[in-house]
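Numbering (my numbering), first residue to last: 2 to 461.
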């Protein structure tokens with residue numbers, strides 16, 4: 002621990018004192034000093050560490066000016082000269098000190114501000130491990146002044162009413178990229194809070210764009226091209242399989258920070274900002290854009306009654322073999338929400354157009370088949386039962402273009418139903434087709450919907 006700044010008796014204040022400190026083996030004095038001739042300040046004790054020699058001497062205070070060490074005058078010493086004098090003082094150290102009450106507010110302020118914010122251990126995307134081709138880049142540090150603290154804004158999560166309820170709308174939350182540290186700022190009124198929020202939002206936005214460029218240079222061969230990155234808040238509650246409850250409770254209003262990245266192929270979620278190349282490769286959830294859909298903004302029955310936040314809430318749904326995963330997400334501004342919506346919609350369409358053809362294993366009338374969904378040619382069912390028999394396996398059982406599709410449905414379990422206009426080529430006269438997808442059919446459904454959406458968008 003560190004000795005607290007405390008008031009000293011009047012008999013001690015502004016009086017010269019001699020204090021003998023006896024160091025234990027292999028241990029220092031147990032103090033930190035500030036000041037020096039270059040700062041136009043005396044050499045001052047800024048910290049006393051509990052349990053060490055200076056603390057055990059019981060005669061020193063934070064705010065004491067060190068006038069001499071073992072008879073060596075330090076009144077006009079630089080900081081480095083004072084450090085050297087203390088180091089060579091030996092096991093028994095005789096200090097001449099004088100408490101300066103006027104400097105204690107300085108140290109009290111320094112003590113408080115030293116607890117504010119965070120510092121990054123290394124710069125963004127710096128190499129890791131002994132195999133790194135270049136030495137780790139230095140992270141920005143606070144200046145060597147006890148009354149000043151820098152808080153790095155790169156990939157910091159700026160939020161309001163996330164972890165701390167602020168009924169007066171006067172607070173701004175800053176959360177560190179690793180999600181461990183927080184800094185809460187409170188303004189005198191909502192107007193000032195908004196001004197500061199907008200300034201911080203602009204600065205963080207610019208630094209995020211730089212991080213995006215840096216990440217793409219390092220990651221494009223690993224995860225593809227990053228299109229958009231940033232922090233969002235995700236609602237913690239929700240029913241399985243994407244069903245949302247309409248009940249209102251405190252639990253429904255709980256949100257957690259998540260870092261989101263949209264690449265040219267995927268929608269990726271991280272628990273904290275991925276700071277290394279390795280971390281970018283480990284999202285806690287990842288879904289192909291071709292099976293991802295923007296479901297729209299929330300309403301009071303699903304996102305609570307906070308009307309000020311309601312307009313910046315949207316839902317992203319992912320079709321998986323486990324069912325539909327629904328993510329209710331909240332951005333901090335309407336403009337942010339619009340940017341995320343645009344990136345997601347365009348990203349899904351581009352992913353569909355780039356891949357164009359999608360293949361799904363299924364059973365049709367008990368026969369193993371492949372359902373092919375093609376952006377231009379529509380639906381084709383291939384017979385896979387002849388694999389290994391020497392016969393060609395590309396026999397099409399039926400084929401329909403998109404404009405023949407009248408409707409689709411699924412049972413949420415494994416069955417997919419497709420209703421086409423006109424009969425099948427085998428003369429069965431029916432166009433209502435049932436396919437057993439052997440798992441949840443939602444990926445097929447989402448690909449189908451995204452194909453139709455991309456087609457409509459191309460016409461517009």
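A virtual CB, placed ideally from N, CA and C, is assigned to each residue, including glycine.
When C-alpha distances from residue 369 are compared across 386, 271, 381, the shortest belongs to 386. Scanning 60, 56, 40, 14 for the CA closest to the CA of residue 102 turns up 14. Closest in C-alpha terms to residue 175, from the list 436, 185, 294, comes 185.
Counting the other Cβ atoms within 10 Å of the Cβ of residue 396 gives fewer than 16, which makes it exposed.
Under the Cβ criterion (8 Å, minimum of three pairs), the segment 48-64 does not count as touching the segment 72-81.
The beta carbon of residue 439 lies closer than 8 Å to those of 362, 363, 364, 415 in the same chain, with the five residues before and after it left out. Residue burial annotation: residue 323 is exposed, with fewer than 16 other C-beta atoms found within 10 angstroms of its C-beta. With contact defined as three or more Cβ pairs closer than 8 Å, the segment 160-167 and the segment 259-275 are not in contact. With respect to residue 36, residue 30 sits apart: the two C-beta atoms are not nearer than 9 Å. With fewer than 16 other Cβ atoms inside 10 Å of its own Cβ, residue 12 counts as exposed. Of the candidates 58, 60, 82, 87, the residue whose Cα lies closest to the Cα of residue 71 is 87. Within the segment 372-459, the beta strand (DSSP E) runs of at least 3 residues that lie entirely inside it are, in chain order, 379-384, 397-401, 406-411, 416-421, 433-437.
Residue 233 and residue 283 have their C-alpha atoms spaced approximately 18 Å apart. Fewer than three pairs of CB atoms, one per stretch, sit closer than 8 Å, so the segment 343-350 makes no contact with the segment 327-334. Between residue 156 and residue 219, the CB-CB gap reaches or exceeds 9 Å. Rounded to the nearest whole angstrom, the CA to CA distance from residue 229 to residue 126 is 17 Å. For residue 127, there is no enclosing beta strand (DSSP E), as DSSP marks it with neither H nor E. DSSP, read as helix, strand or coil, puts residue 350 in helix. Between residue 255 and residue 360, the alpha-carbon positions lie close to 39 Å from each other.
Take the alpha-carbon of residue 436 and the one of residue 417: they are about 5 Å apart. The beta carbons of residue 353 and residue 452 sit closer together than 9 Å. In the three-state scheme derived from DSSP, where H, G and I count as helix and E and B as strand, residue 206 is classed as helix.
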